[in-house]
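**Student:** Residue 327 in the numbering used here sits at position 326 of the sequence shown, and the numbers go up by one each step.
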Amino acid sequence: MLEELLVPQSIAVIGASRTPGKVGHDILANLLAGGFAGPIVPVNPAADRVLDLTCYPSLKAYGSAVDLVVIVVPVATVVAAVREAVAAGARALVVISAGFKETGPAGLALERQIVAICASRRVRLLGPNCLGLINTACALNASFAGSMPKAGGISVFSQSGALCTAILDLAAARNLGLAKVVSIGNKADITEVDLLRALGRDEATRAIVGYLEDIGDGDAFVKAAEDAASIKPVIILKSGTTAAGRQAVASHTGVLAGVDTAYAAAFKRAGVIRADTFEALFDYGTALSMQPLPKGNRVLIITNAGGPGTMAADALERLGLQVAVLGRNTATALRSKLPEAASIGNPVDVLGDAEPERYGVAMAAAMEDPEVDAVLVILTPQAMTKPRETARVLIDNMRGDKPILAVFMGGEGVVPGRDELLAAGLPCYSAPERAVASLQAMCEYSAWRRRPPRVVTRFRVHRRRVERIIARRQRTGHLLIGEVKGKDILRAYGFRTPDGYLAVGRDEAVEIAERIGFPVAMKIVSPDIIHKSDLGGVRLNINNGEAVLDAFELMLLRIGQRAPKARVEGIYVEKMVDRGLEVIIGMSRDPQFGPMLMFGLGGIFVEVMKDVTFHLAPITAEEAIQMLKTTRSYEILEGRRGQRGVDLEAIAVGLQRISQLTTDFPEIIELDINPFIVGDPGTEPCVADVRMTLRPSKNPESDKML
2 MLEELLVPQS IAVIGASRTP GKVGHDILAN LLAGGFAGPI VPVNPAADRV
52 LDLTCYPSLK AYGSAVDLVV IVVPVATVVA AVREAVAAGA RALVVISAGF
102 KETGPAGLAL ERQIVAICAS RRVRLLGPNC LGLINTACAL NASFAGSMPK
152 AGGISVFSQS GALCTAILDL AAARNLGLAK VVSIGNKADI TEVDLLRALG
202 RDEATRAIVG YLEDIGDGDA FVKAAEDAAS IKPVIILKSG TTAAGRQAVA
252 SHTGVLAGVD TAYAAAFKRA GVIRADTFEA LFDYGTALSM QPLPKGNRVL
302 IITNAGGPGT MAADALERLG LQVAVLGRNT ATALRSKLPE AASIGNPVDV
352 LGDAEPERYG VAMAAAMEDP EVDAVLVILT PQAMTKPRET ARVLIDNMRG
402 DKPILAVFMG GEGVVPGRDE LLAAGLPCYS APERAVASLQ AMCEYSAWRR
452 RPPRVVTRFR VHRRRVERII ARRQRTGHLL IGEVKGKDIL RAYGFRTPDG
502 YLAVGRDEAV EIAERIGFPV AMKIVSPDII HKSDLGGVRL NINNGEAVLD
552 AFELMLLRIG QRAPKARVEG IYVEKMVDRG LEVIIGMSRD PQFGPMLMFG
602 LGGIFVEVMK DVTFHLAPIT AEEAIQMLKT TRSYEILEGR RGQRGVDLEA
652 IAVGLQRISQ LTTDFPEIIE LDINPFIVGD PGTEPCVADV RMTLRPSKNP
702 ESDKML
C-alpha cells in the first residue's frame, strides 16, 4: 500500500538548503507551506537552522527514526545519504537527485547500488531523478513543484517530473483538485505497478491519471491495471511508441504488430483508458472523476445555438456514440414548456435568448427520459446569456445517476459559469469535440466495467505431438516452421487442414495427387523461402497427372533460377480447399506483454488497408467475437445487403485455439494462418497455409551436440 511513502508521520530532508531557489530549500519550504503536521527534520552539516527549523548534521544526530527521507544531494554523495537514512530506520526514501541510469553505465551502477541498500532493509525507494510527491489528504508536499494543489479526486503518477509540474499548473488554472501526485522518475524500485495497486485502493482517489514512457513488467502491469480499473477509472498517456530496435519479422502479424500495438492491446485488456494527448489526459480524468458512468451511449444535446449543436452531433457519430431519440413523453413536455421556435429533437435548441430557466426545463426532461444515457449542455455567450446563473441551474439538476458534461464556449464572459460548474463537480469544456471525446471514454470504460466475467475455454488437444515437433526443430536449429510441420501442429490443436503429403520426386507427386483426388494444389517446401508465390512456388487447381508432372518440373526450374541457394525439401501436394472467404489469423509475441493475437480479412484488406485487430492472449469467446466486430470489414463477415455471411463462431473458435496454442508454447514467437478459409454458418473452416517462427533453444550446448 506504500503507506510509509504516501502517508508518513515524520519527514527528513537530507540536503536541506538555506538558499532560496535551490531544490533542497524549495522542498523544505513546500513541506512547511503545505501544512504537514508531523516532525520535519532538515539535515545539513553546514547549517544550524534552515527556515526557522533546527538543522542537524546527520540523521544519527537527530536521534529518532523518521518514516520518509527525501534526499537532495549531489549524485556523488547519494549512496552515503541512502546508507545513512536506512541505518537511521527510515521506512521510505525519495531520491530527487539526478545522474543515475539516465546518464549511462556508471549512473546505472550507482542506481543499482542504492536499490540494493534499500532492499537489504525492505525500504521502498521513489526515484531517483524525480520531482517528489504530493498528498493533499495529509497536507504533504514533498516535492519541488511550484504550488500545492487543492484537494480533489484525481491522483497522478508520471515518469516525467516536468509533466507533473504541467499537470499541477493546469489543475490550478482550471481550479481542479488533486488527491496525490507522484513523480516516479527512473523507477528503480517503485513503479507504475506499485502505484496502480496503491491508488486503486485509495479512498481519496476517484480516478487515476498516469504518464508513462515505458513499462517494465508487462504481465504485472496488466494485472495491476485491471485490478485498479475494476474499481475506478485508469487513464494513461503513453509516449515512446516507435518500433525502433525491434527484430525484423517475416509474417503479416509481425509486420503489423508494432510496439504501440502491444500497448494498445494491453490497455484494452486491462480496461485502461488511453489518452493520445496531454489535453485529453486531463479532459478524461476530469469527467471520470466527477460524474457517474453512463449506462449506455445515447446522448442528448441541449444548446442555445444551432451550429455548436450540430458540431456536437457530428462528433458523437464520428466516435460511435448515439444521438439519442427523445421519448414521447419528453418531447411532449418540452413542446409544452419551450417557445414555439425551439427545436424539439436532438439537439434540443433552446434558442439564443434562453434564460437559465429554459435550460432547467430541458435538463429536467432529459434527466427523466429513460432513452437518454448522458446529457451534453452547450452554452454560447449571447446578449441575453447568463453563464453563472445557467451553471447553477445545471448543478441543481445533477442527480448522480446520469452524467452531465457542459460546453461553455467563449472567453472571459463564460469563466464565472465554468468555475461554478467545476466547483460543483460538473466538467466544463471549451469545445464540443473535447466533451464528446470525454463522453466516449466514459462510455467505453462503462462498457468494460459491465463486461461478463472472463472465462477462457480450454480445448482438448494433442499437446505432446506439438512438444515433439518444437523440441526437434529447436535442437536442429530449424526455427522457421513451414506449411508441412505447421499444419501438423495445427491439426494437433483441432484445426482442419486439406489432405496433403510431401513429394520428393515427380512420380511420387502424381501418386499423391491421384490418391487424394483432383483438383490439387502444389507448393514448394523450403526453409529458405518465406513467400512461395512470389517465386513461382505455388500452383493451384491442377486437374490431372500430366499437369502434376509439368508443374513439378516447372516449379523446380523456377526456384532454381530465382532462388538458387534455397534448400528444397520437396513439393507439397494438397487437395484443393473448397471456396470461401479468406481471413488471416496470427500471433506475434511481444517481449513485454506476451502473445498478441491478430485477425483480419485477406487480400487487399490486410495488404493495403491494414484492416486488422489485435488482442492479448489468452482470449475469451466474447473477446474473440469482439475482435471481429472491431474490424472495418465486419459487415462483409456478417453479410449485408443480400450477401451471405460466414461462420463467425468458427473464426472465434479458431482465434481461441491459437490463443491456447501460443499460451501453451512460449517457444512460438510468430504465427500466421494465411489464408484461413471460412464458409457458410455450420461449415468447418480450413487452414490453407501456415508458417511459424520459434525462438532459439535456451540450451545451445545441446544443440551443438546434435
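Backbone N, C-alpha and C define an ideal beta-carbon position, used for all residues, glycine too.
Taking the beta strand (DSSP E) that R125 falls in, what are its first and last residues?
**Tutor:** Here residue 125 refers to the residue found at position 124 when the sequence shown is read from its first residue. Segment 125 to 127, the beta strand (DSSP E) holding R125.
**Student:** Quick one: what does DSSP say H463 is sitting in, helix, strand or coil?
**Tutor:** For this step, residue 463 is matched to residue 462 along the sequence shown. The answer is coil: DSSP assigns H463 none of H, G, I, E or B.
**Student:** Out of L6, I15, V457, state which residue places its alpha-carbon closest to the alpha-carbon of V79.
**Tutor:** Stepping through the sequence shown from its first residue, residue 79 is reached at position 78. The candidate whose alpha carbon is nearest that of V79 is I15.
**Student:** State yes or no: is the C-beta of L32 within less than 7 angstroms of the C-beta of A266?
**Tutor:** Working through the sequence shown from its first residue, we reach residue 32 at position 31. Working through the sequence shown from its first residue, we reach residue 266 at position 265. No, Cβ-Cβ distance for L32 and A266 is not below 7 angstroms.
**Student:** Taking C-alpha atoms, which residue in G36, I72, N347, L134 lies nearest to V44?
**Tutor:** Taking the sequence shown and counting its residues from 1, one reaches residue 44 at position 43. Per the Cα distances, I72.
**Student:** How is the alpha helix (DSSP H) around E512 delimited, first residue to last?
**Tutor:** The residue given as residue 512 occupies position 511 in the sequence shown. That run of the alpha helix (DSSP H) goes 507 to 517.
**Student:** Suppose you measure from the CA of A625 to the CA of V654; what does that come to, to the nearest Å?
**Tutor:** Position 624 of the sequence shown, counted from the start, is the residue given in the question as residue 625. Position 653 of the sequence shown, counted from the start, is the residue given in the question as residue 654. Answer to the nearest angstrom: the Cα atoms are 8 angstroms apart.
**Student:** Check for me: the alpha helix (DSSP H) holding K403 runs from which residue to which?
**Tutor:** In the sequence shown, residue 403 corresponds to position 402, counting from 1. Premise fails: K403 is in no alpha helix (DSSP H) and is neither H nor E.
**Student:** If you follow the alpha helix (DSSP H) that D215 is in, where does it begin and where does it stop?
**Tutor:** Indexing the sequence shown from 1 puts residue 215 at position 214. Where D215 is concerned, there is no enclosing alpha helix (DSSP H), given that its DSSP letter is neither H nor E.
**Student:** Within 10 angstroms of the Cβ of A245, are there 16 or more other Cβ atoms? Answer buried if so, exposed if not.
**Tutor:** Position 244 of the sequence shown, counted from the first residue, corresponds to residue 245. A caution first: A245 carries a pLDDT of 44, below 50, which makes its placement in the model unreliable, though a value can still be read off. Classification of A245: exposed, given that the 10 Å Cβ count is below 16.
**Student:** Between P697 and chain B, is there a C-beta pair that is closer than 7 angstroms?
**Tutor:** Among the chains of the structure shown, chain B does not appear; only one protein chain is present.
**Student:** Are N130 and A86 touching if we call contact CB-CB under 7 angstroms?
**Tutor:** Taking the sequence shown and counting its residues from 1, the one referred to as residue 130 is at position 129. Taking the sequence shown and counting its residues from 1, the one referred to as residue 86 is at position 85. Not closer than 7 angstroms, so no.
**Student:** Please report the Cβ distance between I471 and L672, rounded to the nearest whole angstrom; I am assuming they are in contact, meaning their Cβ atoms lie under 8 angstroms.
**Tutor:** For the purposes of this step, residue 471 is taken as the residue at position 470 of the sequence shown. For the purposes of this step, residue 672 is taken as the residue at position 671 of the sequence shown. Not quite, the Cβ-Cβ distance comes to about 12 angstroms (not below 8 angstroms), so this is no contact.
**Student:** For R336, count neighbouring C-beta atoms within 10 Å of its own C-beta (all shown protein chains included) and say buried if the count is 16 or more, exposed if not.
**Tutor:** Residue mapping note: residue 336 aligns to position 335 of the sequence shown, counting from 1. By the 10 Å Cβ count, R336 comes out exposed.
**Student:** According to DSSP, is V437 helix, strand or coil?
**Tutor:** By one-based count along the sequence shown, residue 437 stands at place 436. Three-state DSSP puts V437 in a helix.
**Student:** Of all the options S527, A510, P619, which has the alpha carbon lying nearest to the alpha carbon of R270?
**Tutor:** As a working note, residue 270 is residue 269 in the sequence shown. The candidate whose alpha carbon is nearest that of R270 is P619.
**Student:** When we look at the beta-carbon of P21 and count the other beta-carbons within 10 Å, is it buried (16 or more) or exposed?
**Tutor:** Locating residue 21 in the sequence shown gives position 20, counting from the first residue. With fewer than 16 Cβ atoms within 10 Å of its Cβ, P21 is classed as exposed.
**Student:** Which residue marks the beginning of the alpha helix (DSSP H) containing M291, and which one marks its end?
**Tutor:** Looking up residue 291 in the sequence shown gives position 290. 279 to 291 is the extent of the alpha helix (DSSP H) around M291.
**Student:** Tell me the residue span of the alpha helix (DSSP H) that contains M628.
**Tutor:** Counting from one through the sequence shown, the residue named residue 628 turns up at place 627. Taken as a continuous stretch (DSSP letters only), the alpha helix (DSSP H) holding M628 covers 622 to 630.
**Student:** Any idea what DSSP makes of L33, helix, strand or coil?
**Tutor:** Working through the sequence shown from its first residue, we reach residue 33 at position 32. Residue state, collapsed to three classes: helix.
**Student:** Which residue's Cα is closest to the Cα of V416: S431, V51, A425?
**Tutor:** Stepping through the sequence shown from its first residue, residue 416 is reached at position 415. Among S431, V51, A425, the Cα nearest to that of V416 is on S431.
**Student:** Considering only residues of the same chain and omitting the five flanking positions on each side of S144, which have a CB-CB separation below 8 angstroms?
**Tutor:** As a working note, residue 144 is residue 143 in the sequence shown. Counting only Cβ-Cβ distances below 8 angstroms, and skipping sequence neighbours, we find I28, N31, L132, G133, L134, I135, C165, V182, S184.
**Student:** To the nearest angstrom, report how far apart L301 and L638 are at their CA atoms.
**Tutor:** Residue mapping note: residue 301 aligns to position 300 of the sequence shown, counting from 1. Residue mapping note: residue 638 aligns to position 637 of the sequence shown, counting from 1. Cα-Cα distance, rounded: 32 angstroms.
**Student:** Given a threshold of 16 other Cβ atoms within 10 Å of its Cβ, counted over all protein chains shown, does V456 qualify as buried or as exposed?
**Tutor:** One-based indexing of the sequence shown puts residue 456 at position 455. Per the 10 Å Cβ criterion, exposed.
**Student:** Between the C-alpha atoms of A407 and M597, what's the straight-line distance to the nearest angstrom?
**Tutor:** In the sequence shown, counting from the first residue as 1, residue 407 sits at position 406. In the sequence shown, counting from the first residue as 1, residue 597 sits at position 596. Their backbone Cα atoms lie some 39 angstroms apart in a straight line.
**Student:** Looking only at its own chain, which residues have a Cβ that is under 7 angstroms from the Cβ of L352, when we skip the five neighbours before and after it?
**Tutor:** To locate residue 352, count along the sequence shown from 1; it is residue 351. Only N305, P340, A342, A343 meet the Cβ criterion.
**Student:** Cβ atoms of R568 and S527: under 7 angstroms apart, would you say?
**Tutor:** In the sequence shown, residue 527 corresponds to position 526, counting from 1. In the sequence shown, residue 568 corresponds to position 567, counting from 1. Contact: yes.
**Student:** DSSP beta-bridge partners for H616?
**Tutor:** Along the sequence shown, one-based indexing puts residue 616 at 615. In DSSP, H616 forms a bridge with L598.
**Student:** Taking Cβ positions, are I543 and V521 nearer each other than 7 angstroms?
**Tutor:** As a first step, residue 543 is located in the sequence shown; it is residue number 542 there, counting from the start. As a first step, residue 521 is located in the sequence shown; it is residue number 520 there, counting from the start. Result yes, Cβ atoms of I543 and V521 sit closer than 7 angstroms.
**Student:** State the DSSP-derived secondary structure class of D170, mapped to helix, strand or coil.
**Tutor:** Working through the sequence shown from its first residue, we reach residue 170 at position 169. Helix at D170.
**Student:** In three-state DSSP terms, what is A110?
**Tutor:** Within the sequence shown, residue 110 is the residue found at index 109, counting from 1. Residue state, collapsed to three classes: helix.
**Student:** Does DSSP classify A251 as helix, strand or coil?
**Tutor:** Residue mapping note: residue 251 aligns to position 250 of the sequence shown, counting from 1. A caution first: A251 carries a pLDDT of 40, below 50, which makes its placement in the model unreliable, though a value can still be read off. If DSSP states are grouped into helix, strand and coil, A251 belongs with coil.
**Student:** Which runs of the alpha helix (DSSP H) fall wholly inside the region 128 to 185 and span at least 4 residues, in chain order?
**Tutor:** Qualifying alpha helix (DSSP H) stretches, in chain order: 162 to 174.
**Student:** Please classify H463: is it buried, with 16 or more other beta-carbons within 10 angstroms of its beta-carbon, or exposed?
**Tutor:** Counting from 1 along the sequence shown, the entry for residue 463 is found at position 462. Flag for H463 reads exposed.
**Student:** Can you tell me whether L555 is buried or exposed? The criterion is at least 16 other CB atoms within 10 Å of its CB, across all chains shown.
**Tutor:** Along the sequence shown, one-based indexing puts residue 555 at 554. Per the 10 Å Cβ criterion, exposed.
**Student:** With distances taken from CA atoms, which of G506, I586, E369 is nearest L557?
**Tutor:** Here the question's residue 557 lines up with position 556 in the sequence shown. Measuring from the Cα of L557, the nearest candidate turns out to be G506.
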